[in-house]
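Numbering (this note's numbering), first residue to last: 18 to 698.
We put the CB at the ideal spot given by N, CA and C, even for glycine.
Remarks on the structure that follows.
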DNA sequence: GTGGCGTCC
DNA sequence: CAGAGGGACGCCACT
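Have a look at this one:
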């Protein structure tokens with residue numbers, strides 16, 4: 018009678034109970050009572066009074082991690098009537114947390130195994146879709162029951178729930194769930210909370226944003242990870258083969274933890290004024306990134322194959338020459354073996370050391386080459402080709418999705434402590450561009466027939482932000498006038514009219530502008546410019562005399578960071594810098610560079626995120642068929658129908674330049690073409 | 001898993 | 001005294 022019934026306890030929180038396993042043996046009143054006590058306890062969890070995170074320091078006195086719910090089975094929804102009750106309960110709830118169980122860690126490659134829905138502590142359900150009997154079990158023997166596919170007619174109610182923007186949803190890394198659900202035939206709408214993003218805006222420097230770690234640290238709850246369920250290595254099983262009750266319990270615990278973390282994070286989000294950043298920047302971006310990853314980008318497979326053949330031929334030639342010099346064949350990719358050749362056999366001078374021995378990096382090879390040695394020259398050529406071949410030309414085709422024929426990167430929204438995105442699997446934010454051969458790889462990123470790639474990038478966004486924050490009159494004036502900022506910087510430093518700035522002067526000014534953004538010191542500047550240390554120091558002195566406001570801002574920013582323990586961006590994104598208090602000078606100096614760089618890099622990240630959100634919305638309205646594909650920190654790449662090129666350009670430029678109103682103008686250049694190189698030109 | 005190196009912004 | 005380049009990810013060799 019109790020079996021799979023809805024039981025209501027406390028606060029009218031409806032809880033579906035899967036009691037099959039309890040009644041296998043005769044009903045046991047003691048067992049049932051224990052279960053009810055447990056359920057009551059679970060409703061109390063969010064009321065636990067947890068200490069706040071203070072700075073980036075360790076969290077004090079969190080309850081020792083305990084199994085989330087050691088004995089209570091999760092409610093596994095197995096029929097239509099039950100499904101209807103779940104849907105009704107979700108529609109009544111203020112917030113529905115979701116967690117998808119999938120057959121692969123890669124959202125776009127696996128399939129939906131199950132879906133957990135949670136509306137409160139102890140109030141969660143698991144919808145099994147693709148569970149199978151573990152291997153070794155006899156066919157038909159206790160095969161897990163599954164619901165029909167999420168995309169099928171009987172599941173229309175759940176799909177309607179998921180796509181109803183009026184039903185607020187929550188998740189942890191909801192982009193992943195969004196993609197999985199979309200692939201399974203359902204549309205997600207109404208995302209209003211993501212515990213991963215909440216944790217990120219609260220402290221972007223923390224080591225991990227994994228749900229199980231956050232739950233352990235902030236709730237004192239132990240969650241089972243994917244690896245816990247499937248095992249690892251030789252004995253690893255597919256998630257679909259994991260005992261459905263275990264998978265269900267884990268997924269439901271995850272979804273419930275999302276809701277509890279919302280409570281745990283609430284006061285800190287409020288007190289640190291992070292709610293607007295989360296609600297108006299990061300959360301809306303989830304849908305944008307979902308669409309970008311879903312869209313993917315087209316690559317010219319034949320061109321990559323052709324480049325691979327060409328690179329191979331060149332590499333063979335270089336290898337032969339190097340082996341001839343060495344008198345033996347060896348692994349040119351091995352740093353230790355290379356050291357033997359360069360510094361023992363050939364007795365070349367050691368110009369730089371690493372922890373483990375003499376450095377063989379580009380700067381060293383370049384300098385040795387400048388001294389007239391042939392081997393380093395050959396090695397530089399070898400390095401470039403082998404890098405491009407192994408990392409891009411030969412790897413990218415393997416990332417082409419079999420179903421779409423396109424490459425779908427994954428954007429990590431919590432990957433960089435400054436607030437930048439990162440990209441992986443594959444990383445499409447470091448596609449070569451600098452050298453001729455590098456550019457040839459970028460040409461393989463193309464638009465499909467009838468489309469054009471559109472590229473828009475911010476001009477000098479970090480320097481503009483430096484001008485904005487510092488309010489340095491000369492810098493602000495330079496940007497207000499428009500034109501070439503490095504040329505203007507050179508004119509100011511060298512005290513000559515702009516038209517008398519030589520290429521070398523401009524190059525030096527450009528270098529010192531970037532050195533300022535990165536906190537580079539005189540030693541590195543001297544090395545980079547090939548000038549003496551004294552000249553570099555004099556150069557820096559002159560720079561900061563002309564731009565005294567910049568020096569003042571750098572000093573002020575470091576002082577405030579030391580005092581408050583953190584720095585902030587334009588949109589109140591916060592980054593803690595505990596290194597400033599370190600007793601080690603090098604670590605402190607690193608902290609100072611972090612303190613001055615993070616507001617610049619992070620504010621630039623804020624701006625492009627705002628622009629992305631607005632453009633995404635605008636393109637849906639005005640340029641249907643145009644899709645945002647990639648973001649590379651200060652650049653956006655779109656695929657637009659040929660007929661929409663002009664309108665899309667206008668929309669993109671307007672929203673990027675209008676992302677915020679600063680003391681200096683934001684300038685964006687846009688271009689279009691058949692491939693990524695031509696579009697940027 | 002770590003270190004060296006190299007790609008991008 | 002000298003040092004003193006921010007943020008990522010991937011490939012390779014080696015342990």
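Going by beta carbons, residue 455 and residue 659 fall outside the 7 Å limit. Judged by DSSP secondary structure, residue 647 falls within the beta strand (DSSP E) whose first and last residues are 644 to 648. By the criterion of a C-beta distance shorter than 7 Å, residue 436 is surrounded in its chain by 221, 586, 590, 619, 622 and 623, once the five residues flanking it on both sides are discounted.
Across the structure, residue 368 and residue 542 are spaced so that their CA atoms are roughly 17 Å apart. Residue pairing for residue 656: DSSP places it in a beta bridge opposite 470 and 644. For residue 119, the enclosing beta strand (DSSP E) begins and ends at 113 to 119. Residue 496 carries a helical assignment under DSSP once its states are collapsed to helix, strand and coil. Within the same chain, Cβ atoms closer than 6 Å to the Cβ of residue 292 are found at 286, the five residues on either side in sequence being excluded.
Residue state for residue 429 is assigned as strand, using DSSP reduced to three classes.
Annotation for residue 130: the continuous beta strand (DSSP E) segment containing it runs 129 to 137. Residue ranges of uninterrupted alpha helix (DSSP H) with 4 or more members are absent from the stretch 568 to 601; none lies entirely inside it. A check of alpha carbon separations from residue 95 across 346, 165, 688 and 109 identifies 165 as the nearest. The alpha-carbon separation between residue 160 and residue 639 amounts to approximately 50 Å. When the five nearest sequence neighbours on each side are left out, no beta carbon in the same chain lies closer than 6 Å to the beta carbon of residue 551. Going by DSSP, residue 340 is part of the alpha helix (DSSP H) stretching over 318 to 343.
In summary, residue 192 is buried, with 16 or more beta-carbon neighbours lying within 10 Å of its beta-carbon over all protein chains present. Taking a 10 Å sphere around the C-beta of residue 348, we find fewer than 16 other C-beta atoms and assign the residue as exposed.
Relative to the Cα of residue 123, the nearest Cα in the group 263, 394 and 442 belongs to 442. Beyond the five residues adjoining it in sequence on each side, residue 276 comes within less than 7 Å, by CB distance, of 112, 114, 135, 137 and 187 in the same chain, given in chain order. By alpha-carbon distance to residue 474, the top candidate from 182, 460 and 628 is 628. Around the beta carbon of residue 253, a 10 Å sphere encloses fewer than 16 other beta carbons of the protein chains shown; the residue is thus reported as exposed. For residue 358, no beta strand (DSSP E) segment is defined, and its DSSP state is neither H nor E. Using a Cβ distance threshold of 7 Å, residue 523 and residue 507 count as a contacting pair. Here the alpha carbon of residue 200 sits roughly 28 Å from the alpha carbon of residue 650. For residue 275, the enclosing alpha helix (DSSP H) has its first and last residue at 261 to 288. In this structure residue 451 is exposed. Its beta-carbon is surrounded by fewer than 16 other beta-carbon atoms within 10 angstroms. Boundaries of the beta strand (DSSP E) around residue 210: 208 to 211. Measuring C-alpha to C-alpha distances from residue 206 to each of 102, 103, 301 and 569 identifies 301 as the nearest.
Comparing alpha carbon positions, the residue from 568, 118 and 594 closest to residue 580 is 594. Residue state for residue 417 is assigned as strand, using DSSP reduced to three classes. As for any beta strand (DSSP E) of minimum length 3 sitting wholly inside the stretch 599 to 634, there is none. Annotation for residue 694: 456, 459 and 460 place their beta carbon closer than 7 Å to its own, counting only its chain and skipping 5 residues before and after. Taken through DSSP and simplified to helix, strand or coil, residue 295 comes out as helix. Beyond the five residues adjoining it in sequence on each side, residue 631 comes within less than 7 Å, by CB distance, of 672 in the same chain, given in chain order. In the same chain as residue 229, and ignoring 5 residues on each side of it, the C-beta atoms closer than 7 Å to its own belong to 240 and 242, in chain order. Annotated as distal: residue 147 and residue 325, with beta-carbon spacing of 7 Å or more.
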